[in-house]
Every structure is written in structure tokens, then in C-alpha cells.
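Residue numbers (my numbering): 489 to 905.
This is the structure in C-alpha cells:
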């Protein structure tokens with residue numbers, strides 16, 4: 489039986505939440521970013537701001553130059569997450585098959601709901617009004633028999649019409665989707681667009697109408713012998729083929745735990761300053777690993793280096809003798825890796841990962857250290873941080889100018905809570 493799937497997207501989500509919270513800005517251009525940092529990026533811009541040239545990912549200073557009366561509001565990530573969860577609850581009142589795709593996009597399989605709520609278009613309108621009245625966020629709904637078609641219906645059509653609803657079906661692909669330039673296809677960015685253009689495939693329909701074996705042959709000639717999987721993926725996407733179901737529980741077993749931080753490279757030229765951030769990252773990685781009752785055997789360090797003219801990047805790993813989630817053991821391995829492979833250029837990004845994860849119920853003891861006692865101590869510190877905040881207990885080195893732990897304690901995903 490054909491499925492009916494929605495991909496529902498919150499329009500200019502962060503900006504919409506802020507405009508709902510500030511009715512005085514209803515008719516004003518609003519962008520979400522840090523007004524104190526002209527070099528910071530715009531995370532979201534409302535339709536009024538976009539009509540005046542403000543774009544997402546542009547610099548705050550550039551946005552203000554284009555739109556002098558732009559209202560720039562500092563992001564509140566905790567609030568956006570709460571609103572996103574509220575919207576999920578609204579969706580779950582219509583179907584139990586709700587799969588988050590991002591903070592502002594979610595898939596809904598409403599196949600079993602139509603007999604109660606009416607046809608897809610009517611249900612989409614009902615959900616739009618429910619979300620708008622509850623949160624102030626206007627949503628756009630793409631409808632299709634597969635997740636990939638619902639997604640492309642939203643991105644290419646629902647976002648661009650006043651009603652905010654559009655349905656793609658297998659019957660109307662030739663008159664709609666196939667007429668669009670190839671870069672409008674899901675997961676086709678500038679690099680793949682260049683490949684397809686060199687192959688003479690400028691429209692989505694050029695791929696969809698081709699036999700799979702011929703498309704694979706052309707892909708091999710353009711991209712090499714290992715391109716068959718990519719070829720099949722793009723061919724199926726062009727035809728709207730996607731057997732993956734909407735899954736309400738998308739949690740998977742952890743394979744690694746990582747933490748990274750973008751840095752102002754002019755401030756991180758000395759090893760003693762970089763080591764402080766490296767240790768802070770290890771602290772968070774170990775804390776999150778313990779939260780899942782896991783330990784790891786593989787420590788990885790990645791770093792981007794630059795002095796404004798030269799750039800370099802490295803990512804290296806080391807395997808430990810025993811699984812661990814103890815901060816000092818992971819920190820020793822991370823420092824060893826960094827010192828060995830660092831070229832000496834200032835650091836613009838640094839990250840640490842712990843993989844090879846196993847259950848923490850069994851711990852290898854040693855003659856020279858009570859590892860079990862050390863683990864219990866770190867778990868006690870974790871409980872204090874969970875209750876009172878990440879900066880409730882902090883290392884003295886994090887209070888220096890190089891430390892970023894206190895700043896990160898007030899952020900979610902690198903943005904203000």
C-alpha cells in the first residue's frame with residue numbers, strides 16, 4: 489500500500505520563535521546571531537530580512553550593512569530545543585510515526601491517520617494551524633509516498649508557495665521534479681553538480697529517464713570504478729525511490745564520543761594554551777562516555793592549523809592497552825598524539841574522540857593505581873555537574889584566558905542557551 493509521508497519544516501525556525509516571543513518585531517526584519525560579534529554568522533533570518541538581502545550564514549556585520557534596521561537577537565538554543573520538542577508532541581497527536589530530521593524538520597507517516605483526519609492536504613492544513621497557534625511558527629509541508637519525495641516537495645515547492653503545502657507523487661514527477669535543475673535534487677551540492685554537468689546531465693529528469701546500467705557506466709567514466717553505489721543512490725533519488733520507513737525511535741548504539749571546538753587561531757599559538765583546551769575537551773568526552781556507562785580503547789585527536797596564510801590539518805589515533813573513561817588516562821594519550829603530529833602552526837579547530845566503546849561494568853585493575861576509586865570519584869563529580877551545571881566544578885587552568893570551558897557551560901552546540 490502506498491504510504492503518505494509528510495516532511496514538515498519550520499519556516500526560519502529560530503527567527504520565527506523570536507518573533508513569536510517579541511510581538512513588537514512582527515513587521516521588522518529579524519535575524520538570530522550574536523549582535524556583539526560583527527564577524528559572527530547569522531543563524532536564521534525571517535522572510536522580511538531575507539527580502540532585504542540578509543542570508544543565513546552571512547556575517548552579522550554584512551547583514552547590517554545590507555539592512556541597517558535589522559534586529560539582531562542573540563540565540564537561545566535551549567528555548568529552540570524546547571519549542572522543537574513541543575512541535576514533536578503536536579505531531580505525535582496525529583500519528584505515532586514521527587522521526588526528527590533536524591531541529592526544525594520532522595518526518596511523519598500519516599498513512600494510518602487519514603481515515604480519521606481526512607485527506608493529506610486537509611491534514612497538512614490542520615497541522616499547520618495547530619503548530620502556528622501553539623508556537624507562532626509557520627510550517628511548510630511536503631507530501632509524498634516516500635521520505636525522499638516528501639523532502640524534495642518541501643524544499644523545492646512548499647517553501648516557495650504561499651500555502652506552504654505541496655505534494656509530489658510518482659504520477660506528477662515528470663511534470664514537476666524532473667524539470668528542475670539537477671542541483672535541486674536532494675544531496676546534490678556544488679561538487680556533484682559539476683560532475684553531472686560534465687556528464688551532460690543538467691536536469692533531474694536527465695538522470696531519472698536514463699537506464700541504471702547506462703548511468704553507472706557514465707558515473708564510472710566521470711568518477712572512477714568505485715562510484716556504483718553513488719550512482720544507484722542518485723538514480724533512485726531522481727525517481728523518488730526510497731524504501732526507508734519513518735522510524736519514531738532513531739537512537740542507535742554509540743560507536744564513539746567526540747567533542748570539538750572552533751578557536752580564534754591568533755590566541756592559540758603556544759602549546760601551553762592549546763593544552764588547556766585539549767584537556768577541557770577530554771573532560772567532556774570522558775564525562776559523556778561515563779554517562780552512557782561506557783569506556784573506550786581508541787583515542788583520536790584532530791586539529792586544523794593556520795597562520796592566516798598556511799593551513800594544515802591532521803587527525804591521528806592511538807589504541808590504549810585497556811578500556812578507559814578516566815580523564816587523566818585519555819588526556820595523556822591525547823596530549824601524546826597532539827605533540828607528535830602538531831606542526832607548530834596556530835590552532836583554529838581542535839577535537840577529541842573516544843571510540844572502541846565497551847561496557848564499564850568490568851574494569852582492569854592495576855598494581856600502581858586504584859582505577860575503580862578514580863572512576864567513582866569522577867562519577868561523583870559528574871553528578872554534581874549534572875545537578876548544578878558544567879561549571880559547578882572546573883579546573884583552575886580553565887580560568888585562564890586560554891580556557892573555554894566556562895564559556896561553553898553557557899552554550900548548547902556552540903551557541904548561547
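Just so it is clear, CB atoms sit at the ideal spot from N, CA and C, and this is done for glycine as well. Bear in mind that the values here come from a model prediction, so they are computed numbers and not experimental data.
Taking all protein chains in view, the Cβ of residue 678 is surrounded by fewer than 16 other Cβ atoms within 10 Å, so the residue is classified as exposed. For residue 493 against residue 635, the beta-carbon gap comes to about 6 Å, under 8 Å, which counts as contact. In the DSSP annotation of this structure, the continuous segment of the beta strand (DSSP E) that includes residue 805 starts and ends at 799-812. Around the beta carbon of residue 655, 16 or more other beta carbons sit within 10 angstroms, so the residue counts as buried. As computed with DSSP, residue 891 is found in no beta bridge at all. If you draw a straight line from the Cα of residue 575 to the Cα of residue 612, it is about 14 Å long. With respect to residue 789, residue 751 sits apart: the two C-beta atoms are not nearer than 9 Å. The bridge partners DSSP lists for residue 790 are 803 and 839.
Between residue 784 and residue 769, the C-beta spacing is not below 9 Å.
Here DSSP, grouped into helix, strand and coil, assigns residue 703 to helix. Taken in chain order, the whole alpha helix (DSSP H) runs of length 4 or more contained in the segment 633-708 are 635-644, 678-686 and 692-696. When DSSP assignments are scanned along the segment 555-601, the uninterrupted stretches of beta strand (DSSP E) that are 3 or more residues long and fall wholly within it turn out to be 559-561, 586-590 and 593-597.
If you compare the alpha carbons of 805, 501 and 657 with that of residue 572, the shortest gap goes to 501.
Listed in chain order, the non-local C-beta contacts of residue 580 below 6 Å within the same chain comprise 586, local neighbours out to five positions each way being set aside. A contact between stretches requires three or more CB pairs, one per stretch, nearer than 8 Å, and the segment 756-765 fails this requirement with the segment 798-811.
Contact check for residue 662 and residue 778: beta-carbon distance about 55 Å, past the 8 Å limit, so the pair fails to qualify.
Of the other Cβ atoms in all chains shown, 16 or more fall within 10 Å of the Cβ of residue 583; this residue is therefore buried. Using a Cβ distance threshold of 9 Å, residue 829 and residue 804 count as a contacting pair. Between residue 529 and residue 546, the C-beta spacing is below 9 Å.
Taking the Cβ atoms as the reference, residue 496 lies roughly 7 Å from residue 596, within the contact range of under 8 Å.
No Cβ-Cβ contact shorter than 9 Å links residue 566 with residue 520. Residue pairing by DSSP places residue 750 opposite 837 in a beta bridge. Between residue 756 and residue 890, the C-beta spacing is below 9 Å. Minimum Cα-Cα distance from residue 700 among the listed residues 694, 720 and 893 corresponds to 720. If you ignore the 5 residues before and after residue 772, its C-beta comes within less than 6 Å of the C-beta of 747, all in its own chain and listed in chain order. Around the CB of residue 607, fewer than 16 other CB atoms lie within 10 Å, so the residue is classed as exposed.
Under the three-state reduction of DSSP output, residue 711 falls in the helix class.
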